[in-house]
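Engineer: So this note's numbering is basically just the index in the sequence shown, starting at one, shifted up by 311.
Each residue gets a CB set at the ideal place from its N, CA and C atoms; glycine is no exception.
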Amino acid sequence: MGDMGDMSDGKRREATLLTPPGRGGVAVILIADPTGKWLQSHFRSRGRKDPSPDRMRSGWITRGSESIDEVLVREWEDGAAEIQCHGGTAVADRILDLTKEDGFIRVSPEEGIHRRSGGDPIRKEALSLLIEAETDAGARMLAAQAGGALSTRLEEILDLDRWPALEAIDLLLRTASYGIALTAPVELWIMGPPNAGKSTLFNTLIGWDRTIVHEGPGTTRDHVRERTAIGGIPVTLVDTPGLREGETAAESIAIERTEAGWDEARRAIFCIDGSRPPEDAERIRRLDPERQLLALTKSDLPSQVSDLHGQEAIPISALTGHGIDRLREAIRQRLVPDGVPAPRGPVVFTERQRALLQSARGAISAGKLDLARLEVRQCQSAGDNGDLDD
Ligand SMILES: Nc1nc2c(ncn2[C@@H]2O[C@H](COP(=O)(O)OP(=O)(O)OP(=O)(O)O)[C@@H](O)[C@H]2O)c(=O)[nH]1
Ligand SMILES: [Mg+2]
Numbered sequence: 312m313g314d315m316g317d318m319s320d321g322k323r324r325e326a327t328l329l330t331p332p333g334r335g336g337v338a339v340i341l342i343a344d345p346t347g348k349w350l351q352s353h354f355r356s357r358g359r360k361d362p363s364p365d366r367m368r369s370g371w372i373t374r375g376s377e378s379i380d381e382v383l384v385r386e387w388e389d390g391a392a393e394i395q396c397h398g399g400t401a402v403a404d405r406i407l408d409l410t411k412e413d414g415f416i417r418v419s420p421e422e423g424i425h426r427r428s429g430g431d432p433i434r435k436e437a438l439s440l441l442i443e444a445e446t447d448a449g450a451r452m453l454a455a456q457a458g459g460a461l462s463t464r465l466e467e468i469l470d471l472d473r474w475p476a477l478e479a480i481d482l483l484l485r486t487a488s489y490g491i492a493l494t495a496p497v498e499l500w501i502m503g504p505p506n507a508g509k510s511t512l513f514n515t516l517i518g519w520d521r522t523i524v525h526e527g528p529g530t531t532r533d534h535v536r537e538r539t540a541i542g543g544i545p546v547t548l549v550d551t552p553g554l555r556e557g558e559t560a561a562e563s564i565a566i567e568r569t570e571a572g573w574d575e576a577r578r579a580i581f582c583i584d585g586s587r588p589p590e591d592a593e594r595i596r597r598l599d600p601e602r603q604l605l606a607l608t609k610s611d612l613p614s615q616v617s618d619l620h621g622q623e624a625i626p627i628s629a630l631t632g633h634g635i636d637r638l639r640e641a642i643r644q645r646l647v648p649d650g651v652p653a654p655r656g657p658v659v660f661t662e663r664q665r666a667l668l669q670s671a672r673g674a675i676s677a678g679k680l681d682l683a684r685l686e687v688r689q690c691q692s693a694g695d696n697g698d699l700d701d
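1) Can the beta-carbon of Lys441 be found closer than 8 Å to that of Val339?
2) Who are the Cβ neighbours of Met315 in its own chain at under 7 Å, not counting the five residues just before and after it?
3) For Ser510, count neighbouring Cβ atoms within 10 angstroms of its own Cβ and tell me buried if that reaches 16, exposed if not.
4) Can you grab the Cα-Cα spacing for the pair Arg578 / Ile501, in whole Å?
5) State the CB to CB distance for the pair Asp591 and Pro504, rounded to an integer number of angstroms; the pair is presumed to be in contact (CB under 8 Å).
6) Nearest-angstrom Cα distance between Pro716 and Ser488?
7) What is the DSSP secondary structure of Leu512, reduced to helix, strand or coil?
8) Please classify Lys348 as buried or exposed, where buried requires at least 16 other C-beta atoms within 10 Å of its C-beta.
9) Skipping 5 residues on each side, what residues in its chain have a beta carbon closer than 8 Å to that of Cys493?
10) Mind checking who Thr608 pairs with in its DSSP beta bridge?
11) What's the call for Asp470, buried or exposed, on a 16-neighbour Cβ count within 10 Å?
12) Sorted by chain position, which residues of the same chain lie with C-beta nearer than 6 Å to Asp317's C-beta, five sequence neighbours on each side aside?
13) Applying the criterion that 16 or more other CB atoms from any shown protein chain within 10 Å of the CB defines a buried residue, is Pro600 buried or exposed?
14) Since Arg434 and Gly459 are thought to touch, with beta carbons under 8 Å apart, how far apart are those beta carbons, to the nearest angstrom?
15) With distances taken between CB atoms, is the gap from Ile642 to Ile541 smaller than 8 Å?
16) Less than 8 Å between the C-beta atoms of Ser628 and Ser610, yes or no?
17) Just the C-alpha distance for Asp584 and Pro496, rounded to the nearest angstrom, thanks.
18) Report whether the distance from the Cβ of Gly632 to the nearest heavy atom of ligand 1 is below 7 Å.
19) Let's test the definition: count the other Cβ atoms within 10 Å of the Cβ of Asp481 and tell me whether it reaches 16, buried, or not, exposed.
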């Protein structure tokens, strides 16, 4: 049956599973179908008219009268399409089997990406990152960029005059904190004095008992890292030993590393035990509220803390759950200060893109429009260290 897919002249019907099997969330399948007929017979659209400008349609993949999965589909003019179905292997496998029955050849993600991106480095990079996307939000955002959302906007910007271009670049730059948070998750350190409830909070945030909690101080002896998502934004949580003199050599080393990490730590939750008079006045005073949150733990117990040295604290109880949602929301706001962009719109998703657009912005402000266009073109082209050189 396989050679039925060979329509000669390289016009094969091809299917690629872009996302790794079992990632959960969303699975993305690319199909290349020069005849354009496959979706006609296997996709039942939810509505006849689709209101969304990028032609992402929702509906069902069907086999005869049976519906296999509820999906989102984006079609390109050359007969290629992207199918976003439910994650896990079962559903994606059934759709792939269906394409195979119709003579599609299964190709590797690398090959699929190469063909699909049509020589556009931004789309290619988005497709490559899509394979590794850890969250639903990440997969959706990257699928839109792989479909050309950012490329198209940059192309439009090249044709704009000074002020409209500046405005458009500003709007794009406001998407960067979201885009980069999704593709390059940051570390969020949980720090504070011994016995403050750091490990308990860590376990609460990741949702299962990963580290040892104990009533005695000094329970955590080393850094424990775990990837999780907070408000849909992936982060690596780092549980640390309490900040104090270590009693054993190993503990001292771990604490030293925590101390050293303190200034580097881009983001942290600093925990102090609300049920005891605080000791760490100096450190509390030095917290940077834009990146470091103060959590007053054990709020189920009578509070003993009155002076927070001008810092705002979020009272929490890992025991009762009090304040945890508020803390999550505060974390999300710090991870994505500019908020969540419109679904499926253009999003800046790498540091390189952000840096180039910032340069372009500077150039426009200085009246150097030609230089700004050069920076935008750079942003459209491949990075130096990728294999994105076609
Ligand atoms: N009442 C109450 N007790 C808590 C709460 N959170 C933690 N504890 C208790 O506080 C003690 C210390 O908790 P841990 O999470 O181990 O504290 P830690 O900051 O990780 O301690 P070290 O790793 O030793 O620095 C344990 O007995 C916890 O059960 C809370 O919200 N309420
Ligand atoms: Mg601990």
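Structural biologist: So, from the listed chains and residues:
1) For the purposes of this step, residue 441 is taken as the residue at position 130 of the sequence shown. For the purposes of this step, residue 339 is taken as the residue at position 28 of the sequence shown. This sequence places Leu at residue 441; Lys is not what is there. At the C-beta level, Leu441 and Val339 come within 8 Å of one another.
2) The residue you call residue 315 lines up with position 4 of the sequence shown. Because Met315 sits at a pLDDT of 43, beneath the cut-off of 50, its placement in the model cannot be relied upon, and the point is left open.
3) Taking the first residue of the sequence shown as position 1, residue 510 is located at position 199. Burial of Ser510 is indicated by the presence of at least 16 other C-beta atoms within 10 angstroms of its C-beta.
4) In the sequence shown, residue 578 corresponds to position 267, counting from 1. In the sequence shown, residue 501 corresponds to position 190, counting from 1. So the two alpha carbons sit approximately 9 Å from each other.
5) Taking the first residue of the sequence shown as 1, we reach residue 591 at position 280. Taking the first residue of the sequence shown as 1, we reach residue 504 at position 193. Right, their Cβ atoms sit about 6 Å apart.
6) The question about residue 716 has no answer, for the chain in this structure spans 312 to 701.
7) As a first step, residue 512 must be located in the sequence shown, where it is residue number 201. In the structure shown, Leu512 sits in a helix (DSSP, three-state: H, G or I).
8) The residue you call residue 348 lines up with position 37 of the sequence shown. By the neighbour-count rule (16 or more Cβ atoms within 10 Å), Lys348 is not buried but exposed.
9) As a working note, residue 493 is residue 182 in the sequence shown. A quick correction: the sequence has Leu, not Cys, at residue 493. Closer than 8 Å at the Cβ level, and outside the excluded window around Leu493, lie Ala444, Thr446, Ala448, Gly449, Met452, Leu453, Ile544, Pro545 and Phe660.
10) Walking along the sequence shown from the start, residue 608 turns up at place 297. Looking at the DSSP assignment, Thr608 forms a beta bridge with Asp584.
11) In the sequence shown, the residue the question calls residue 470 occupies position 159. Exposed, since its Cβ has fewer than 16 Cβ neighbours within 10 Å.
12) Counted from its first residue, the sequence shown places residue 317 at position 6. Summary for Asp317: the model assigns pLDDT 43, below 50, so the residue's position carries little reliability, and this model does not support an answer.
13) Your numbering for residue 600 matches position 289 in the sequence shown. The residue in question, Pro600, is exposed, as its Cβ has fewer than 16 Cβ neighbours within 10 Å.
14) Start at 1 with the first residue of the sequence shown, and residue 434 comes out as number 123. Start at 1 with the first residue of the sequence shown, and residue 459 comes out as number 148. Between Gly459 and Arg434 the Cβ distance is about 6 Å, and since that is below 8 Å, they are a contact.
15) The residue labelled residue 642 in the question sits at position 331 within the sequence shown. The residue labelled residue 541 in the question sits at position 230 within the sequence shown. The answer is yes: Cβ separation under 8 Å.
16) Working through the sequence shown from its first residue, we reach residue 628 at position 317. Working through the sequence shown from its first residue, we reach residue 610 at position 299. Yes. Within cutoff.
17) For the purposes of this step, residue 584 is identified with residue 273 of the sequence shown, where counting begins at 1. For the purposes of this step, residue 496 is identified with residue 185 of the sequence shown, where counting begins at 1. Rounded to the nearest angstrom, the two C-alpha atoms are 28 Å apart.
18) Counting from one through the sequence shown, the residue named residue 632 turns up at place 321. Not a single heavy atom of ligand 1 lies less than 7 Å from the C-beta of Gly632.
19) Position 170 of the sequence shown, counting from 1, holds the residue named residue 481. Exposed is the call here.
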